Amino acid sequence: MSANETRNLIETYYTAFNALDPEGMTALVSDDIEHRVNEGETRRGRAKFAEFGAHMGVSYREELKDIVIFVNEDGSRAAAEFTVHGEYLQTDPGLPEAKGQKYVLPAGSFFDVKGGRITRVTTFYNLSDWVRQVSA
Numbered sequence: 001m002s003a004n005e006t007r008n009l010i011e012t013y014y015t016a017f018n019a020l021d022p023e024g025m026t027a028l029v030s031d032d033i034e035h036r037v038n039e040g041e042t043r044r045g046r047a048k049f050a051e052f053g054a055h056m057g058v059s060y061r062e063e064l065k066d067i068v069i070f071v072n073e074d075g076s077r078a079a080a081e082f083t084v085h086g087e088y089l090q091t092d093p094g095l096p097e098a099k100g101q102k103y104v105l106p107a108g109s110f111f112d113v114k115g116g117r118i119t120r121v122t123t124f125y126n127l128s129d130w131v132r133q134v135s136a
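Be aware that the sequence shown starts at 1, since it is given in full-length UniProt numbering, and climbs by one per residue.
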């Protein structure tokens, strides 16, 4: 893929995220996607990726703003920096109780891309900052 095609792929991924469309996101990943979530287990495969997306839609309502996408020259890797504007809807095990708390959190993701699909996504944010915001 070219750098422009990869940029378009990542933009489409985040458009689906902001549209609360986990199926649209899942359609953009490879069958053997490696999904590395912040402070969590690595999930492998499209089914695990879809499961995570469905769970996120129940526990959180998030919109990503100020998205900046970076792509290497051959389009095989990309990164994005953004600000998460969210609401904590349903308590996740091991995390503070959800009461509709709102939060704003800087975050970023890294991608590998091959054959027109995302083959890896790794997301980072400051979990301590998130816990502080939802615990206040």
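C-beta atoms are modelled at their ideal positions from N, C-alpha and C, and glycine is treated no differently. Model, not experiment: these values are computed from the prediction.
Over the uninterrupted beta strand (DSSP E) stretch that includes residue i, give me the two end residues.
{"i": "Lys99", "result": "Looking at the DSSP string, Lys99 is not in any beta strand (DSSP E), and its letter there is neither H nor E."}
Answer with buried or exposed for residue i, where buried requires no fewer than 16 other C-beta atoms within 10 angstroms of its C-beta.
{"i": "Val71", "result": "buried"}
{"i": "Ala80", "result": "buried"}
{"i": "Thr91", "result": "exposed"}
{"i": "Ser135", "result": "exposed"}
{"i": "Ala54", "result": "exposed"}
{"i": "Thr42", "result": "exposed"}
{"i": "Ala78", "result": "buried"}
{"i": "Ser2", "result": "exposed"}
{"i": "Val104", "result": "exposed"}
{"i": "Val113", "result": "buried"}
Assign residue i to one of three DSSP states: helix, strand, or coil.
{"i": "Thr123", "result": "strand"}
{"i": "Asp66", "result": "strand"}
{"i": "Ala3", "result": "helix"}
Have a look at the options and flag the residue whose alpha-carbon is nearest the alpha-carbon of residue i.
{"i": "Trp130", "options": "Gly115, Lys114, Val84, Gly116", "result": "Val84"}
{"i": "Glu51", "options": "Leu127, Glu63, His35", "result": "His35"}
{"i": "Arg44", "options": "Asn126, Val121, Ser128, Gln133", "result": "Val121"}
{"i": "Asp66", "options": "Lys99, Gly115, Asn18, Ile33", "result": "Asn18"}
{"i": "Tyr125", "options": "Ser76, Ala107, Met25, Tyr88", "result": "Ala107"}
{"i": "Arg61", "options": "Ala98, Tyr13, Gly75", "result": "Ala98"}
Requested in this report: Tell me the start and end of each unbroken beta strand (DSSP E) in the UniProt domain "SnoaL-like" (10-121) that is at least 3 residues and wholly inside, in chain order.
Outcome: 29-36, 42-44, 60-71, 77-88, 102-114
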